[in-house]
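What follows is a set of notes on a single structure, which appears directly below.
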Amino acid sequence: MRTGALAVRWRLAFAVAALLVLLFHFRLALPGRALIANDFRALFIPLRAGLQNIVRAGEWPIWQRGIFLGYPILGDIQFQIFNPLSWLTLPLDAARGITVQSLIELCLCAAGMAFWMKQRGLGPIEGVFAGVAFALCLKQTVHLHHWTFAASTCAWPWMMAGVDGFAASGRPRFLALAALATFGTWIGSSPQMAYFGTGLALLYALWLRRWAAAFALGLGVAFAAPLLLPVAELNELGPRGAGVTYRFAASWSWPDRSVWGAMLLPRAWGGRPDFRGPMNYWELQGYFGLLPMALLAVAPFRKKGLWLFAAVAILGLWISFGSNSWLGLHAWAVELVPGYGSFRNPTRALMLSMFCVALLAAEGLAALRADPRLRMRVLPALGALGAGVALLAAFPGPYWAQALRADAAWAAALLALAAAWIFAPPRWALLVVPLFLADVAVQSWDSPEIGEAAREGHALDAFSAFVPSAPAPRRVAALLDWGEMNNATLLRGWEGVTGYGPTPIQRVLLLLYGTWRGAPPRPQPLEGDPNFPRFRTDSELTQLFAAPLLAATREASSAPLAREGEVRLYRMAALPRAYWTSAWLAAEDSELTAPLLRRAATGAIAIVPQAIGSPSGAEEPPVPATETRVYNSSTVATIEAPRDGLVVVLDPWFPGWSATVDGAPATLLRANYAFMAVPVQAGRHTVRLWYFPRRLLPGLAIAILAAAALVALLKLAARRVDRGSPGGY
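In this text, residue positions in the sequence shown follow this note's numbering: the first is -12, and each later residue adds one.
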C-alpha cells in the first residue's frame, strides 16, 4: 500500500477509535447528561464545584475551606489542578464538566492505543481494536465513577508509543512524547494508576535497553514535581503520615477462586444495582472480553517483548488476590517494591492486566490476519471458553444462578458469532470491533450511572439564607448520611468541618475522633478507611470548630432553623473564628488531657507546644475579633487586645501559613492542638494569616531543571538519529 494511502488510513483509525468511544457512551455524550455514581456525587462533583467557586472569587486555587476545616488544594491530587482538561471544562456546570472531561480522556486513550499499535508495526484495524479493547474494557467502564482513573490511564498508551517509537526510529520527538505522557499520567491524578503505568513503561524501556527512553520517563515524573511535592507533604501530615498496616494495603482483595467464574461471566453475581457477590461490583471485575481472551492463543509472544506484557498481565491477576494470593505474593510486593505498599485495593492492578491483554489481543489479531491457518488455534480457545461457560451454567455453585445463566446465554451466542467470524473472509476482519463492543455493552449495560447534570449540585439549597456570604466566616458543620451531601459545604462555597475524602490534615481528623474520647488519640498506622469521619455533637471540644451552624439528619433538643427533606439546620455552640486570650499554657501533644482541652474549648486559655516570650495572663472569657474576613487562602481579623496576649485563629495549622500584625511579620504558633495563634501586644491590631504552598517553588525548580535536561537529551538524540529509519508518525 502506498505511504500516502496508509497515512490516511491511520488518521481515519485514530478518529474512528475516538468516535467509537463516544458512540459506546452515547448516553453520556448527549447534552445535559452527567455521571452521577457514588464517588462522582459524593466527591468529584463537589471538588470541581469548589474549584469553580475559588476561581470565580478571583483567588488562586491553593487552599480549600469547604471540608475538614480546610487543607491545601495542591496536596489533594484529585482536584486535578495541573490537568489542562480540568481548565478546558471548568466553564461547564460541575457535573457536566467532569463528565465531558472523562469522555475526552477515554477518546485520548483509544486514539493513543491505536497510535501505539502503529509504532509496533500493526495495521489500522488492530489499532482500532486495541483502542476500544482498553478504553472501553469492563474495568475502565465500571470504574468511571473514579474520575481520576481514566485521566491517568489515558496517558499509558502514549508513554508506550514514545518508547516503541524511539526504539524503532531513534527520533527525539518520541522521547519528548514519552516524557510528556509520563507527566500526563501523574497530573491525571490517580497515583496508583500513574505508578502502575510509569513502572510498566520503565520496565519495558529497560528491557529494550533504550536508556534514553528510560531517562525521558524519569524526566516526565520530574515535570510533575510541582504537584507531587505538595501531595507528599499533605500525605506526611495526613491520615497516612504514621504509615499504613498490611491490613489496609490488602483491603479489597479478591477473596477466593470463585472470582474466576466472574472472569468468564462478569454478571455471575448480578449487575451493578443488584450485585450479590463479595466485595463490590466494580472492584471485583477483571473481565477481559471473550474475543480478546481467545486471541491470546495466537499472540506471537516472542515478538518485541510481548512475553513481558504477558507476564505483567498474569502478575496483575495474581496480585489481585492480595492477602489471599498464592505464595503471599502481594505481601512480598508490599514489603519489597518501593512505594507499592502505600496503595490499597490490590484488584486495581487488573487495570494493568487489561492494558496488556489489549496489546496481546491486537497482536494476536494481526497474526491471525497474516496467517489464516491460526484460526485452528483460536477455535479451540473459543471452545474452551464455551466449555467453561457451560460448566458454570450447569453448576452455578456460589453464584446467583438466574443472573449467571442469563449471562451464559449471551456468552454462548457471542462465542458462536466469534467462531463464525474467524472463518469469514479477510475483508470482514474489522467485525472484531463490533463483536467486542457488543460483549462489553451487554456486560456493562447498567454502568456507569447516568443522570441529568442540572439536577446535581443543589444539596442544602434551603439553608443558603442562613449562611453568611464571603468574606464573612461561613463555617457549617454537617453530620449527614453517606451520599451526595457528604461534601455539600464545599460544593456550596461554604466552610465545612467534616467531609468525605482521603486527605484531611491528620490533626483535624484526630480532633474529630477526640470529641468521642475526650482528647485526640495518638497517630497510629492506618488500618481502615478514614474517609468519612464524624464528631460527637455534645462534646465541649466541638466549640473549637468555630461552626455556629449544624446540618444533621437527626432530631435535636432545640427547634431547627430550617428543614430540607430529612436534613435539619440547627444552631451549635461555637467559639468566635478569631479571638484574643491572655492565658496560655505550653504542653506537648503527649501532655494534652481531656480537662485541658475542655479549658481551651472555652476560649479562656490557649495551649501552645512551647513557651512564648511573654508570661501568661489570667484565664478569662475570650474577646472576639471586631471583624473577621475569611478568604480562600487568607484570614484577616481586627482585634482589640485589652492586654498582651494571643490572637487565636481557628483555622487548621499547616506548614506554609504565615502571619503579620499591622503589616509587620509576626510569629505564628500552633495552638489548641490543630489551630493557629499569633502573639500581640495590648491595643488595636489587624492580624493577617495567609497560606502559600512551601513545596511549590522547589517543585517548579525541579520541573525547570527536568525541562532543560529533556532539551539536552533531545539534542543529543537528534545527532544520532538514523534518517533512514522506517519509524515515524
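Every residue gets a Cβ at the ideal spot worked out from N, C-alpha and C, and that includes glycine.
Self-check item: For I626, the residue or residues it bridges with in DSSP
Solution: Counting from one through the sequence shown, the residue named residue 626 turns up at place 639. Its beta-bridge partners are H672.
Quiz item: In three-state DSSP terms, what is A699?
Solution: Counting from 1 along the sequence shown, the entry for residue 699 is found at position 712. Correct three-state label for A699: helix.
Practice problem: Work out the CA separation of R521 and R616 for me, nearest whole Å. | Solution: Counting from 1 along the sequence shown, the entry for residue 616 is found at position 629. Counting from 1 along the sequence shown, the entry for residue 521 is found at position 534. Near 27 Å, if we compare the C-alpha coordinates of R521 and R616.
Practice problem: Report yes if the C-beta distance between P19 and A441 is below 8 Å; otherwise report no. | Solution: One-based indexing of the sequence shown puts residue 19 at position 32. One-based indexing of the sequence shown puts residue 441 at position 454. Position check: residue 19 holds Gly in this sequence, whereas Pro was assumed. Yes, they are a contact pair.
Exercise. Can you check DSSP and say which residues form a bridge with S645?
Key: By one-based count along the sequence shown, residue 645 stands at place 658. In the DSSP output, where bridge partners are listed per residue, S645 has W677.
Self-check item: Entirely enclosed alpha helix (DSSP H) segments - the segment 457 to 536, minimum 4 residues
Solution: Runs found: 475 to 479, 493 to 504.
Self-check item: Local conformation of R356 per DSSP, three classes
Solution: Position 369 of the sequence shown, counted from the start, is the residue given in the question as residue 356. Looking at R356 - three-state DSSP - the assignment turns out to be helix.
Quiz item: Are there three or more Cβ pairs, one per stretch, closer than 8 Å when the segment 210 to 222 is compared with the segment 231 to 243?
Solution: no
Self-check item: Run of the alpha helix (DSSP H) containing W247, from where it starts to where it stops
Solution: Looking up residue 247 in the sequence shown gives position 260. Taken as a continuous stretch (DSSP letters only), the alpha helix (DSSP H) holding W247 covers 246 to 251.
Quiz item: In chain order, what residues of the same chain have a beta carbon less than 6 Å from the beta carbon of S601, not counting five sequence neighbours either side?
Solution: Within the sequence shown, numbered from 1, the residue matching residue 601 stands at position 614. Contacts found: D631.
Quiz prompt | First through last residue of the alpha helix (DSSP H) which encompasses A219 | solution = Residue numbering aside, residue 219 sits at position 232 when the sequence shown is read from its first letter. Per DSSP, A219 belongs to the alpha helix (DSSP H) from 212 to 223.
Quiz item: Considering only C-alpha positions, which residue in the set H12, W103, G118 is nearest to V3?
Solution: Counted from its first residue, the sequence shown places residue 3 at position 16. Nearest option by C-alpha distance: G118.
Exercise. Using three-state DSSP, classify F662 as helix, strand or coil.
Key: By one-based count along the sequence shown, residue 662 stands at place 675. Of the three classes helix, strand and coil, the one that applies to F662 here is strand, per DSSP.
Quiz item: Looking at the unbroken beta strand (DSSP E) that takes in Y726, where does it start and where does it end?
Solution: Only positions -12 to 716 of the chain appear in this structure, which leaves residue 726 out of reach.
Quiz prompt | Strand pairing of G438, partner residues [DSSP] | solution = For the purposes of this step, residue 438 is taken as residue 451 along the sequence shown, with counting starting at 1. Per DSSP, A21.
Quiz item: Do you know whose CA, among L252, A406, A399, lies nearest V365's CA?
Solution: Here residue 365 is taken as the residue at index 378 of the sequence shown, counted from 1. It is A406.
Practice problem: Starting from R616, follow its DSSP beta bridges and name the residues at the other end. | Solution: Residue mapping note: residue 616 aligns to position 629 of the sequence shown, counting from 1. According to DSSP, R616 bridges with V623.
Practice problem: Mark A403 as exposed unless 16 or more other C-beta atoms lie within 10 angstroms of its C-beta, in which case mark it buried. | Solution: Indexing the sequence shown from 1 puts residue 403 at position 416. By the neighbour-count criterion, in which 16 or more other beta carbons inside 10 Å mark a residue as buried, A403 falls on the exposed side.
Self-check item: Cβ contact (3+ pairs, closer than 8 Å) linking the segment 470 to 484 and the segment 30 to 45
Solution: The segment 470 to 484 vs the segment 30 to 45: in contact.
Quiz item: Rounded to the nearest angstrom, how far is the Cβ of G273 from that of L189, given a contact under 8 Å?
Solution: The residue labelled residue 273 in the question sits at position 286 within the sequence shown. The residue labelled residue 189 in the question sits at position 202 within the sequence shown. The Cβ separation is near 24 Å, so there is no contact.
Quiz item: Under a Cβ-count criterion, where at least 16 other Cβ atoms within 10 Å of its own Cβ denotes burial, should H132 be classed as buried or exposed?
Solution: Stepping through the sequence shown from its first residue, residue 132 is reached at position 145. Buried.
Self-check item: CA-to-CA distance, W47 to L378, given in whole angstroms
Solution: Here residue 378 refers to the residue found at position 391 of the sequence shown. Here residue 47 refers to the residue found at position 60 of the sequence shown. For L378 and W47, the distance between alpha carbons rounds to 60 Å.
Quiz item: What are the residues that DSSP puts in a beta bridge with I594?
Solution: Locating residue 594 in the sequence shown gives position 607, where the first residue counts as 1. Answer by DSSP bridge pairing, in chain order: L572.
Exercise. List the residues that DSSP assigns as beta-bridge partners of A539.
Key: Here the question's residue 539 lines up with position 552 in the sequence shown. In the DSSP output, where bridge partners are listed per residue, A539 has L466, R555.
Self-check item: For Q51, the residue or residues it bridges with in DSSP
Solution: Locating residue 51 in the sequence shown gives position 64, counting from the first residue. In the DSSP output, where bridge partners are listed per residue, Q51 has Y58.
Quiz prompt | Span separating the alpha-carbon of Q179 from that of P517 | solution = Locating residue 179 in the sequence shown gives position 192, where the first residue counts as 1. Locating residue 517 in the sequence shown gives position 530, where the first residue counts as 1. Each residue's alpha carbon lies about 18 Å from the other.
Quiz item: Since P652 is in the beta strand (DSSP E), which residue starts that stretch and which ends it?
Solution: Here residue 652 refers to the residue found at position 665 when the sequence shown is read from its first residue. Start and end: 651 to 653.
Quiz prompt | Other residues of its chain near Q530: CB distance less than 8 Å, five sequence neighbours each side excluded | solution = For the purposes of this step, residue 530 is identified with residue 543 of the sequence shown, where counting begins at 1. Closer than 8 Å at Cβ, skipping near neighbours: A560, A561, L562, A588, T589, G590.
Quiz item: Which residues in the same chain as M100 place their Cβ atom closer than 6 Å to its Cβ, once the five residues preceding and following it in sequence are excluded?
Solution: As a position in the sequence shown, residue 100 is number 113, starting the count at 1. So the qualifying residues of the chain are A117, G118, F121, P144.
Quiz item: Just curious, the beta strand (DSSP E) that L633 is in, first and last residue?
Solution: Residue 633 sits at position 646 when you count from the first residue of the sequence shown. Taken as a continuous stretch (DSSP letters only), the beta strand (DSSP E) holding L633 covers 632 to 636.
Quiz prompt | Uninterrupted alpha helix (DSSP H) stretches inside the segment 27 to 106 (no shorter than 4 residues) | solution = Inside the segment 27 to 106, DSSP marks whole alpha helix (DSSP H) runs of 4 or more residues at positions 32 to 43, 71 to 75, 81 to 106, from first to last along the chain.
Self-check item: Extent of the continuous alpha helix (DSSP H) to which H317 belongs
Solution: Numbered from its first residue, the sequence shown carries residue 317 at position 330. Under the DSSP assignment, H317 falls in the alpha helix (DSSP H) whose first and last residues are 316 to 323.
Practice problem: State the DSSP-derived secondary structure class of L447, mapped to helix, strand or coil. | Solution: Your numbering for residue 447 matches position 460 in the sequence shown. Correct three-state label for L447: coil.
Quiz item: Hey, how far is the Cα of A165 from the Cα of Y191?
Solution: Mapped onto the sequence shown, residue 165 falls at position 178. Mapped onto the sequence shown, residue 191 falls at position 204. Looking at the two C-alpha atoms, the distance is approximately 12 Å.
Quiz prompt | Under 8 Å between C-beta atoms of P265 and L125 | solution = For the purposes of this step, residue 265 is identified with residue 278 of the sequence shown, where counting begins at 1. For the purposes of this step, residue 125 is identified with residue 138 of the sequence shown, where counting begins at 1. Not closer than 8 Å, so no.
Quiz item: With distances taken from CA atoms, which of A598, A605, A398 is nearest R586?
Solution: As a first step, residue 586 is located in the sequence shown; it is residue number 599 there, counting from the start. For the residues A598, A605, A398, the minimum Cα distance to R586 belongs to A605.
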